[in-house]
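Data first, discussion second: the structure below is written as structure tokens.
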Amino acid sequence: MPVIAPDRIRARAYELWDRNHRPGGLDMQFWLVAERELKAEDARKAGHAAEADEAEGKRTA
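When you line the sequence shown up against the numbering used here, it's residues 6 to 66, in that order.
Structure representation (structure tokens):
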């Protein structure tokens, strides 16, 4: 699985922190949730891309 850029994780963690009314002392939890969400999103996108490639191959075969 590809590595997620720290800037993407940081931005997502900030969004999560902000949406949760900016609690103190939970920076690591927000970082980990952000990282997990981004990995899941990237995996879903990769899966959909693979499915689309597969479907395209079936159409041309």
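Every residue gets a Cβ at the ideal spot worked out from N, C-alpha and C, and that includes glycine.
Note that the structure is predicted; figures quoted are calculated from it, not measured.
Buried or exposed, going by whether 16 or more other CB atoms sit within 10 Å of the CB of residue i?
| i | result |
| --- | --- |
| Arg49 | exposed |
| Ala45 | exposed |
| Arg27 | exposed |
So, are the CB atoms of residue i and residue j less than 9 Å apart?
| i | j | result |
| --- | --- | --- |
| Leu43 | Arg24 | no |
Alpha carbon to alpha carbon, how far is residue j from residue i? Give it in angstroms, no decimals.
| i | j | result |
| --- | --- | --- |
| Asp32 | Pro11 | 14 Å |
| Leu21 | Asp58 | 33 Å |
| Val8 | Arg15 | 14 Å |
| Tyr19 | Phe35 | 8 Å |
ask   = Taking one C-beta from the stretch 48-57 and one from the stretch 26-39 each time, how about it: are there three or more such pairs within less than 8 Å?
value = no
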